[in-house]
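Okay, so here's the structure we're looking at.
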Amino acid sequence: MIQEYQIRILPEQAANEQNIKLFISKDKGLDARTIQAIRVLKRSIDARQRTIFVNLKVRVYINELPQDEEFVRTEYQNVEGKPQVIVVGAGPGGLFAALRLIELGLRPIVVERGKNVRDRKVDIAKISREHKVDPESNYSFGEGGAGAYSDGKLYTRSKKRGNVDKILNVFCQHGASTSILVDAHPHIGTDKLPRVIENMRNTIIECGGEVHFETRMDALIIEKEKVVGIETNTGKTFRGPVILATGHSARDVYRWLHENGVQLEAKGIAVGVRLEHPSHLIDQIQYHNKNGRGKYLPAAEYSFVTQVDGRGVYSFCMCPGGFVVPAASGPHQIVVNGMSPSNRGGKWSNSGMVVELRPEDLLNEELSKLICQSSVIQSEAKNLENIKVDDTEILPPFGRLNDTTDSIHPLAMMHLQEALEAACWQQGNMRQTAPSQRMVDFTRKKLSYDLPPTSYSPGLVSSPLHFWMPNFISDRLSKGFQQFGRSSHGFLTNEACMIGMETRTSAPVRIVRDNETLQHVTISGLFPCGEGAGYAGGIVSAGVDGERCAEAVAQYLGI
8 MIQEYQIRIL PEQAANEQNI KLFISKDKGL DARTIQAIRV LKRSIDARQR
58 TIFVNLKVRV YINELPQDEE FVRTEYQNVE GKPQVIVVGA GPGGLFAALR
108 LIELGLRPIV VERGKNVRDR KVDIAKISRE HKVDPESNYS FGEGGAGAYS
158 DGKLYTRSKK RGNVDKILNV FCQHGASTSI LVDAHPHIGT DKLPRVIENM
208 RNTIIECGGE VHFETRMDAL IIEKEKVVGI ETNTGKTFRG PVILATGHSA
258 RDVYRWLHEN GVQLEAKGIA VGVRLEHPSH LIDQIQYHNK NGRGKYLPAA
308 EYSFVTQVDG RGVYSFCMCP GGFVVPAASG PHQIVVNGMS PSNRGGKWSN
358 SGMVVELRPE DLLNEELSKL ICQSSVIQSE AKNLENIKVD DTEILPPFGR
408 LNDTTDSIHP LAMMHLQEAL EAACWQQGNM RQTAPSQRMV DFTRKKLSYD
458 LPPTSYSPGL VSSPLHFWMP NFISDRLSKG FQQFGRSSHG FLTNEACMIG
508 METRTSAPVR IVRDNETLQH VTISGLFPCG EGAGYAGGIV SAGVDGERCA
558 EAVAQYLGI
């Protein structure tokens, strides 16, 4: 007999199966000797009160043993000789699109501008050691995409978009711990995710697909308003309909699309900083205990959100027991992100602390001038009609000040990202040393004369973030921090430091597609996909969108 129960127990009781078994036998009046196995289906921690509880949904096997695996396997067929589909990008959107194409009897040809997940690790290490960023192999570009070496969190709210459970089960099939099927906020860990990604790639190849690394798409092949393939930097062309899953940092792709008449639109983003606390302090605050998390609880998480002057201010991608990492994808940029190993055992905890920005906010004079002061943007602006660039007046490349939102350039939000990252680079002494400021000092508009220890390996330099960041962002962050400090005593502290800047929370552009066919609105055979196209916000939602795009391609081909 199999029974399922919802139980609420103490952390030490939830620590192992034997303790859970003893609790259930007593609570449910069962003979412990008849319980042959227990499988935890869902797990979450309730830390709202001083006494911490663990909520579990368990499946109890009475007088019988489990006969099935803990995850559901997907069957993949051999697709050699089948119609081919080009998948641009080997992040979660591209990988799940390729696997779903194989299920549907289509042959994926995956092209990835970066290196495979193992070789890529060497280039990432150089960012910290030598302050050198390889523009084709970094935290954003390479097998696995931005998630492979930046965390591996699998929490999503996008359940209405597709089968989230399918995505998690495919990860398990390729080597992820089955705990991701159980935990309320599942997490693979940046130390384990590369192996899972390699296994997914091997499945694609074993089934007859192809994966080409260090192969950058330089152009779409468009014939009679129909995409029929791609051109690459290697000189090779690949023919077939295209799933475009390039990730949120492929700015050269956005520029090519815009220059060649592929319809884009500016999309809202959020920008701010990485906020780093000692992990024991976050444990003390969240678990209401001066001793921290103790033996049986994981590193504590937090989530903050508020409204300040009409815009959201919130924590993003919280990494308990993790590290702050340099995530630039090109020269003259500083971008920071967060990651956690699977055990979340580091000395520090961090999260993005960001301010919501909408396209219409770029009509703000302060933000528009910041954009135009960037040399990269000036060079582009000079080539645009009706733009004046001189010593006294620089009008933005997305429309004139006080203009309507209809005039906002499709790449305007990307231009803002570039300007902020360039400003951060200058403040960081033109290396990957990141500008930083203690949290309370920032709210008091005071320079920090020293900085706390940090997980950010390239190093920090004290900088008045309150002074050089746009007031539109810094004032809202400051007010948000003060609100969070009032609601969570001890959170607003000079033991925490802000590290600049977090700018890659999502794509700054949406590649416009039809809601039904998922093809571009004016060019058939092009399927914008995942986070880089503006239709996802993380690993799982990108995977879900990748599967949807694969299904749309099959329908397009009449399969």
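According to this note's numbering, the sequence shown holds residues 8 to 566 in order.
Glycine residues also receive a C-beta, built at the ideal position from the N, C-alpha and C atoms.
Note that the structure is a prediction, hence the values are computed from the model and not measured.
- From TYR303 to GLU19, what does the alpha carbon distance come to, in whole angstroms? As a first step, residue 303 is located in the sequence shown; it is residue number 296 there, counting from the start. As a first step, residue 19 is located in the sequence shown; it is residue number 12 there, counting from the start. So the alpha carbons of these two residues sit roughly 6 Å apart.
- Message: Could you tell me the alpha carbon to alpha carbon distance between TYR261 and GLN526, rounded to whole angstroms?
- Response: As a first step, residue 261 is located in the sequence shown; it is residue number 254 there, counting from the start. As a first step, residue 526 is located in the sequence shown; it is residue number 519 there, counting from the start. Cα-Cα distance, rounded: 17 Å.
- Message: Would the stretch 198-207 count as touching the stretch 81-96 if we require 3 or more Cβ pairs under 8 Å?
- Response: no
- Task: Alpha carbon to alpha carbon, how far is ASP190 from THR41? Give it in angstroms, no decimals.
- Result: The residue labelled residue 41 in the question sits at position 34 within the sequence shown. The residue labelled residue 190 in the question sits at position 183 within the sequence shown. Rounded to whole angstroms, THR41 to ASP190 spans 27 Å at the Cα level.
- Per DSSP, the bridge partner or partners of ALA273: Taking the sequence shown and counting its residues from 1, the one referred to as residue 273 is at position 266. The partner list for ALA273 (beta bridge, DSSP) reads VAL516.
- When DSSP builds the beta bridges, which residues end up paired with GLY541? Working through the sequence shown from its first residue, we reach residue 541 at position 534. The partner list for GLY541 (beta bridge, DSSP) is empty, contrary to what the question assumes.
- Message: So, at 6 Å on beta carbons, what are the nonlocal neighbours of ALA306 in its own chain, with the 5 sequence-adjacent residues on each side left out?
- Response: Here residue 306 refers to the residue found at position 299 when the sequence shown is read from its first residue. Around ALA306: SER286, PRO327, GLY328 and ARG351.
- Item | TYR294 in three-state terms, based on DSSP | Taking the first residue of the sequence shown as position 1, residue 294 is located at position 287. Helix at TYR294.
- Task: Could you confirm whether any beta carbon from chain D is found closer than 7 Å to the beta carbon of MET421?
- Result: Among the protein chains of the structure shown there is no chain D, as only one such chain exists.
- Taking the alpha helix (DSSP H) that HIS422 falls in, what are its first and last residues? Counting from 1 along the sequence shown, the entry for residue 422 is found at position 415. Per DSSP, HIS422 belongs to the alpha helix (DSSP H) from 419-434.
- Task: Decide yes or no for the touch test of the stretch 470-488 against the stretch 239-248: beta carbon pairs closer than 8 Å, at least 3 of them.
- Result: no
- Integer-rounded CB distance, given that ILE211 should sit under 8 Å from ILE109: Taking the sequence shown and counting its residues from 1, one reaches residue 109 at position 102. Taking the sequence shown and counting its residues from 1, one reaches residue 211 at position 204. Between ILE211 and ILE109 the Cβ distance is about 7 Å, and since that is below 8 Å, they are a contact.
- Message: Please classify GLY553 as buried or exposed, where buried requires at least 16 other C-beta atoms within 10 Å of its C-beta.
- Response: Here the question's residue 553 lines up with position 546 in the sequence shown. Result: buried.
- Task: Pull up the distance between the alpha-carbon of VAL177 and that of VAL218, whole angstroms please.
- Result: Position 170 of the sequence shown, counted from the start, is the residue given in the question as residue 177. Position 211 of the sequence shown, counted from the start, is the residue given in the question as residue 218. Between VAL177 and VAL218, the C-alpha separation is close to 19 Å.
- Would you mind working out which of ARG114, VAL171 and LYS28 sits nearest VAL79, comparing C-alpha positions? The residue given as residue 79 occupies position 72 in the sequence shown. Looking at the Cα atoms, VAL171 is the closest of the given residues.
- Query: If we count the other Cβ atoms within 10 Å of its Cβ and call it buried at 16 or more, is TYR146 buried or exposed?
  - Reply: As a working mapping, residue 146 is identified with position 139 in the sequence shown. Buried, by the Cβ-count rule.
- Inter-residue spacing [alpha-carbon to alpha-carbon] between ILE31 and GLY301: Residue numbering aside, residue 31 sits at position 24 when the sequence shown is read from its first letter. Residue numbering aside, residue 301 sits at position 294 when the sequence shown is read from its first letter. Their Cα atoms are separated by approximately 24 Å.
- Query: Which of the three DSSP states, helix, strand or coil, is assigned to ILE566?
  - Reply: Start at 1 with the first residue of the sequence shown, and residue 566 comes out as number 559. Residue state, collapsed to three classes: coil.
- Query: Leaving out the 5 sequence neighbours to the left and right, which residues in its chain are closer than 7 Å to PHE175 when beta-carbon positions are compared?
  - Reply: Taking the first residue of the sequence shown as position 1, residue 175 is located at position 168. In the sequence under discussion, the amino acid at residue 175 is Leu, which differs from the Phe named in the question. Within the same chain, LEU175 has close Cβ partners LEU161, ILE187, LEU188 and PRO193.
- Item | First and last residue of the uninterrupted alpha helix (DSSP H) at LEU108 | Against the sequence shown, residue 108 aligns to sequence position 101. Its alpha helix (DSSP H) spans residues 99-110.
- Message: In whole angstroms, give me the CA-to-CA distance for ARG55 and LYS354.
- Response: Along the sequence shown, read from residue 1 onward, the residue named residue 55 stands at position 48. Along the sequence shown, read from residue 1 onward, the residue named residue 354 stands at position 347. For ARG55 and LYS354, the distance between alpha carbons rounds to 24 Å.
- Message: One question on the structure: do LEU374 and THR510 come within less than 7 Å of each other, judged by their Cβ atoms?
- Response: By 1-based counting over the sequence shown, the position of residue 374 is 367. By 1-based counting over the sequence shown, the position of residue 510 is 503. It is not a contact, given that the beta carbons lie outside the stated cut-off.
- To which residues does DSSP link THR81 through a beta bridge? Translated into positions along the sequence shown, residue 81 becomes position 74. DSSP lists no partner for THR81.
- Task: Could you tell me how far apart the beta carbons of PRO515 and LYS274 are, in whole angstroms, since I believe they sit closer than 8 Å?
- Result: In the sequence shown, residue 515 corresponds to position 508, counting from 1. In the sequence shown, residue 274 corresponds to position 267, counting from 1. Yes, they are in contact, since the Cβ atoms of PRO515 and LYS274 sit about 6 Å apart, within 8 Å.
- Task: Rank PRO115, GLU150, LEU111 and GLY112 by C-alpha distance to the C-alpha of ASP126 and give the top, closest one.
- Result: As a working mapping, residue 126 is identified with position 119 in the sequence shown. Comparing Cα positions, the closest option is GLU150.
- On the three-state DSSP scale, how would you describe ASN70? Stepping through the sequence shown from its first residue, residue 70 is reached at position 63. Note: ASN70 maps to coil in three-state DSSP.
- Item | Beta-ladder partner(s) of TYR303, from DSSP | Translated into positions along the sequence shown, residue 303 becomes position 296. In the DSSP output, where bridge partners are listed per residue, TYR303 has none listed.
- Message: Taking a contact to mean a Cβ-Cβ separation below 7 Å, would you say MET420 touches LEU472 in this structure?
- Response: As a working mapping, residue 420 is identified with position 413 in the sequence shown. As a working mapping, residue 472 is identified with position 465 in the sequence shown. No, they are not a contact pair.
- Message: Just to confirm the assignment: which complete beta strand (DSSP E) runs, minimum length 3, are found wholly within the stretch 189-263?
- Response: 217-219, 224-229, 234-239, 244-246 and 249-251
- Message: With the cut-off set at 7 Å, would you say ARG517 and GLY541 are in Cβ contact?
- Response: Indexing the sequence shown from 1 puts residue 517 at position 510. Indexing the sequence shown from 1 puts residue 541 at position 534. Contact flag set, yes.
- Message: Using the three-state DSSP reduction, which class does ARG55 fall into: helix, strand or coil?
- Response: Walking along the sequence shown from the start, residue 55 turns up at place 48. The answer is coil: DSSP assigns ARG55 none of H, G, I, E or B.
- Rounded separation between GLU392 and LEU264 - CA only: Counting from 1 along the sequence shown, the entry for residue 392 is found at position 385. Counting from 1 along the sequence shown, the entry for residue 264 is found at position 257. Confidence at GLU392 is low in this model, with a pLDDT of 40, below 50, so its placement is unreliable and no value can be given for it.
- Provide the residue span of the alpha helix (DSSP H) that contains GLY345, from first to last. Residue numbering aside, residue 345 sits at position 338 when the sequence shown is read from its first letter. That residue, GLY345, is in no alpha helix (DSSP H); its beta strand (DSSP E) goes 343-346.
- Message: Using only the alpha-carbon positions, how far apart do THR450 and MET207 sit?
- Response: Counted from its first residue, the sequence shown places residue 450 at position 443. Counted from its first residue, the sequence shown places residue 207 at position 200. Each residue's alpha carbon lies about 46 Å from the other.
- Kindly indicate which three-state DSSP category ALA153 falls into: helix, strand or coil? Working through the sequence shown from its first residue, we reach residue 153 at position 146. ALA153 falls in the helix class under three-state DSSP.
- Item | Through-space distance from ASN267 to GLY247, alpha-carbon basis | For the purposes of this step, residue 247 is taken as residue 240 along the sequence shown, with counting starting at 1. For the purposes of this step, residue 267 is taken as residue 260 along the sequence shown, with counting starting at 1. Each residue's Cα considered, the two are about 19 Å apart.
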